[in-house]
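Below you'll find the structure, written out as structure tokens, and then a few comments.
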Amino acid sequence: MKRPTNRWAGVGVVIFAGVAVAAVTRSPGALVAAAVGVLAAGYANATTAPSPALAVSRDVSPENPDPGDDVTVRVTVENEGGFLPDLRVVDGVPDALRVTDGSPRHATALRAGATATFTYTVEATRGRHEWAPLDGLARDAAGSTETRTEANAETRIECVPPLTGLDAFPLHDTAAGRVGRLATDTGGSGTEFYAVRDYRAGDPMNRVDWRRLARSGDLATVEFREERAADVLVVVDTRDDAYVADPDAATAVERCVEAAGGVLAVRLDAGDRVGLASLGPRFTYHAPNTGRDHRARLREALATDDGFAPEPGDERTVVYRIAAQLRKRVKSGTQVVFCSPLADDSAAEFVRRLAAAGHPVTVVSPEPAPDGDADSRTRAAAGIAAAERRLRLGDLRSAGVRVVDWPGGVPLPVAVARAKRGWRS
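Per full-length UniProt numbering, residue 1 is the first one in the sequence shown, and the count goes up by one each step.
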């Protein structure tokens with residue numbers, strides 16, 4: 001798109017004023033000024049608008065960084081058209097990536113067939129990040145007209161954090177001595193005594209009641225309360241209200257994703273069937289399952305799926321519809337771990353409805369970080385929001401819901417250990 005820059009817009013006034021003054025005062029200086037203005041106007045009109053044709057390539061290293069890693073971006077711009085006396089470009093850095101060194105902006109003159117290279121560094125964050133087209137602005141030598149253009153080269157990085165961060169995360173109603181394994185009313189193998197029955201051919205020798213055999217001569221088999229793996233669904237609150245944070249801190253959603261990754265890892269390691277879902281406009285659901293492939297899918301989804309995006313989307317959330325859709329997918333007996341800052345009453349209502357349906361629920365709630373640079377009115381509003389959140393936490397605890405209140409600056413394992421001391425088994 002070509003357009004005038006209006007850089008020489010005042011030249012006409014100079015010419016008119018110079019001629020007028022010269023006519024009245026017969027001053028040679030005024031006449032010279034008018035003549036210079038005429039020459040400048042002629043120069044501006046004589047130059048032609050540039051027609052840039054740019055090609056861009058990017059070298060990104062590393063392409064699969066860990067969160068917090070420095071990623072170096074080397075951009076090469078090639079002029080495939082005519083001479084460009086004044087070229088300015090801005091690279092299309094993904095919104096979620098922060099430039100930590102160098103600049104994605106560059107200005108240069110570029111002859112036909114020549115290239116220009118510049119480098120900058122971004123900090124990697126969780127997710128899949130794609131570069132937008134590079135924007136270019138070319139001006140003629142006089143600076144009187146400019147042409148906007150863009151060039152693109154498909155460029156992306158993928159940052160998939162490991163599922164770590166927790167050593168333990170107990171579930172409701174665990175069997176004695178086996179955190180996370182659920183006790184049943186069926187006899188079989190296990191650790192808790194259940195009953196003694198008559199011996200059957202093929203019973204394991206280590207379950208024969210040898211004392212009874214020695215006492216009465218009767219063969220009997222000891223049965224223990226059978227344990228089974230738990231079904232666990234980890235739900236991350238990704239509604240717009242959950243993206244609360246100090247501008248310089250991680251959003252509550254980012255901390256919820258971190259907590260979800262820790263719970264997934266611990267419960268999968270314990271042999272439970274674990275699923276993952278998002279409560280937000282970009283609904284995502286992975287049914288509880290086990291195995292190495294399932295673990296890899298959950299890790300990939302938590303890092304790159306749009307349902308857990310680092311930034312809020314443009315979609316509007318109809319909370320009750322999404323919550324109802326999710327509740328329908330939670331099968332009987334499934335335990336739910338809900339990761340949410342509980343920034344509004346809708347999040348707490350979602351938990352209450354799950355609990356009312358008979359699902360054991362544990363809430364992991366990162367405390368939103370306050371904005372230290374906010375004005376007094378914003379700080380007052382944040383104080384009210386914090387008080388309302390504390391009331392929600394208290395109401396859920398009173399309803400029998402386990403709650404992990406996770407303040408900023410406190411490691412998640414410490415927050416879990418503190419909360420566990422107040423839980424009933």
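We treat Cβ as the ideally placed atom computed from N, Cα and C, and that holds for glycine. Because the structure is a prediction, the values reported are computed rather than measured.
In its chain, beyond the 5 residues on either side, Arg402, Val403, Val404, Asp405 have a beta carbon closer than 8 Å to the beta carbon of alanine 419.
Contact between valine 235 and valine 336 holds: their C-beta atoms lie close to 6 Å from each other, under 8 Å.
Using a Cβ distance threshold of 7 Å, alanine 151 and valine 56 count as a contacting pair. When the Cα atoms are used, alanine 287 and isoleucine 384 turn out to be separated by approximately 37 Å.
Beta-bridge partners of valine 257 (DSSP): none assigned. It is roughly 18 Å from the alpha-carbon of arginine 299 to the alpha-carbon of aspartate 231. Remark: three or more beta-carbon pairs, one from each stretch, lie closer than 8 Å, so the stretch 238-252 and the stretch 263-280 are flagged as touching. Glycine 422 sits exposed, since fewer than 16 C-beta atoms from the chains shown fall within 10 Å of its C-beta. Taking a contact as a CB-CB distance under 8 Å, the pair leucine 354 and alanine 348 does not count as one, their CB atoms being some 11 Å apart.
A straight line joining the alpha-carbon of leucine 166 with that of aspartate 59 spans about 36 Å.
Under DSSP, the beta-bridge partners assigned to tryptophan 406 are Pro366. Separation of threonine 121 and alanine 323 (C-alpha to C-alpha, rounded to the nearest whole angstrom) is 40 Å. For valine 274, same chain residues with a beta-carbon under 6 Å away, outside a window of 5 residues either side, are Val232, Leu264, Arg267, Leu268, Pro288 in chain order.
DSSP places serine 376 in no beta strand (DSSP E) but in the uninterrupted alpha helix (DSSP H) bounded by 376-398. Annotated as distal: glycine 92 and alanine 53, with beta-carbon spacing of 7 Å or more.
Contact annotation: threonine 108 and leucine 87 have beta-carbon atoms nearer than 7 Å. With fewer than 16 other Cβ atoms from the protein chains shown falling within 10 Å of its own Cβ, glycine 394 counts as exposed. Partner residues in a beta bridge of valine 160, as assigned by DSSP, do not exist. Non-local beta-carbon contacts of glycine 271 in its own chain, meaning distances under 6 Å to residues more than five positions away in sequence, involve Ala229 in chain order. Note: leucine 276 is bridge-paired with Val234, His286 in the DSSP secondary-structure output.
The residue from His359, Gly102, Pro413, Trp131 with its alpha-carbon nearest to that of threonine 334 is His359. Between phenylalanine 338 and valine 351, the C-beta gap is smaller than 7 Å, which places the two residues in contact.
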